[in-house]
Amino acid sequence: MNIELDGDRAMLRDTVRAFAEREIAPRAAKADEEERLPPENLAGLAKLGFMGMGLPDEYGGAGLDMLSCAIVLEELARACASTALSFGAHSILSAQFIYRNAGEEQRHRFLPAMASGEKIGAWALTEPGAGSDALSLTTRAERDGSVYVLTGRKMFITNAWIADIVVVFARTKGSDITTFVVERGMAGFSPQPPLKKMGCRASPTSEIVLDGVRVPEENRLGKEGDGVRQIMEGLNYERAVFAGLPLGLARAALEHSVRYAKERRQFGRPIGDFQLVQEMLADMYAEIQAARLAVYQAAGDLDRGRLTNAAAAAAKLFAGGVAMRAATNAIQVHGGYGYMREFPVERYLRDAKLVEIGAGTSQVMKLIIARELLQ
-9 MNIELDGDRA MLRDTVRAFA EREIAPRAAK ADEEERLPPE NLAGLAKLGF MGMGLPDEYG
51 GAGLDMLSCA IVLEELARAC ASTALSFGAH SILSAQFIYR NAGEEQRHRF LPAMASGEKI
111 GAWALTEPGA GSDALSLTTR AERDGSVYVL TGRKMFITNA WIADIVVVFA RTKGSDITTF
171 VVERGMAGFS PQPPLKKMGC RASPTSEIVL DGVRVPEENR LGKEGDGVRQ IMEGLNYERA
231 VFAGLPLGLA RAALEHSVRY AKERRQFGRP IGDFQLVQEM LADMYAEIQA ARLAVYQAAG
291 DLDRGRLTNA AAAAAKLFAG GVAMRAATNA IQVHGGYGYM REFPVERYLR DAKLVEIGAG
351 TSQVMKLIIA RELLQ
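In structure tokens:
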């Protein structure tokens, strides 16, 4: 696959990059310190028309393909991983998921407000006892006439505290899993205050308590029992498209390191003159080049309808590892200053760690890849 972007994608990249550098990056350190997502970030993305980036124009979206969406996440994460995370959870995990699995009436009911940024979305799969083994979820949806009564708890849900529309997975008959759209204001729906986190601290992550939430039948996505297929497809979208996030983080780590290596002087010379510093910079650059190919290939394969589970897992696995190594090397290049919050590289390391955990740990990604190879 050619790593060079065509004209439209290059223009898209430049537009998002300019906005992120101008509007988002200057707020990133304060947002991390205060553990609060600046509302101006999502509002600005809404004005640019990106909140529904993966949705067709008829629902108010930008009509971008998944490769373009990965590029948007890459550029946002280069400025602020927290913003990229919350934005991606809204636009891909929630809005784009609803588009793929909803009926026409549901699409017109939910998606325009999400595309405009009027309503924020979330995706609620993980539970206190169901993480890597997501299909062991215990949230129940009991049918009562034309409504379903949802009872259970969801854990580590990005955007739960600010979300208006939440995709929720619950058990229906027997071992079946079914998908519902739960809306803010429904009685018994209780997002909890944001949890204290190591990284991506400005992106709110919360528990959700579902205490007898009565969800109308018209808020069910697909048929009863469609949930397992929808979850597996949704995770592949998350792994392939969200792999743009660690790619952006790794780029930021390299760019700051190169700049610092030129400016910082020791023993009368810029530290970039020393070969062991050069080695770290070269390793970072080479791995980022390889990661970009893996991420763009996976996202492009989504658009071509031929993404495999292994390719999605490999993109996430490799890009996440590259981000961690790049951030670690960036701190090493910066020395004592890299350990201080005065410089952003310590934040990059904290933010990058999430990629090795969320949407399936790195160890689970290896199991997925090996299982597919051995089949």
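Under my numbering, the sequence shown has 92 at position 102, and the numbering climbs by one with no breaks. Note that CB positions come from ideal geometry on N, CA and C, so glycine has one too. Since this is a predicted model, take the numbers as computed values, not measurements.
In the structure shown, Q365 falls within a coil segment according to DSSP collapsed to helix, strand and coil. Between F146 and T168, the gap from beta carbon to beta carbon reaches 7 Å or more.
Residue nearest to G215 within the set F257, R229 and F170 is F170 (criterion: CA-CA distance). Distance check between L344 and each of Y327, K306 and M330 places K306 closest, using alpha-carbon atoms only.
Setting aside the 5 residues that flank it on each side, A67 is surrounded in the same chain by A74, L235, G238 and L239, each with a C-beta closer than 6 Å to its C-beta; the list follows chain order. If you ignore the 5 residues before and after F87, its C-beta comes within less than 7 Å of the C-beta of W113, V157 and G224, all in its own chain and listed in chain order. Around the Cβ of P334, a 10 Å sphere holds 16 or more other Cβ atoms; the residue is buried. If you draw a straight line from the Cα of A92 to the Cα of L35, it comes to about 24 Å.
Taken through DSSP and simplified to helix, strand or coil, S180 comes out as strand. C70 sits away from I110, with the two beta carbons spaced by 7 Å or more. Under DSSP, F146 takes part in no beta bridge, so it has no partner. DSSP, reduced to helix, strand and coil, places F170 within a strand of the structure shown. In this structure, A251 keeps its C-beta atom at 7 Å or more from the C-beta atom of V205.
For L297, the CB contacts under 8 Å within the same chain, skipping 5 residues up- and downstream, are N226, A230, A288 and D291 in chain order. Annotation: S126 to Q265 spans about 51 Å, alpha carbon to alpha carbon. In the same chain as G42, and ignoring 5 residues on each side of it, the C-beta atoms closer than 7 Å to its own belong to Y49, G50, G51, A52, S81, A85, L101, M104 and A105, in chain order.
In the three-state DSSP reduction, E207 falls in the helix class (H, G or I).
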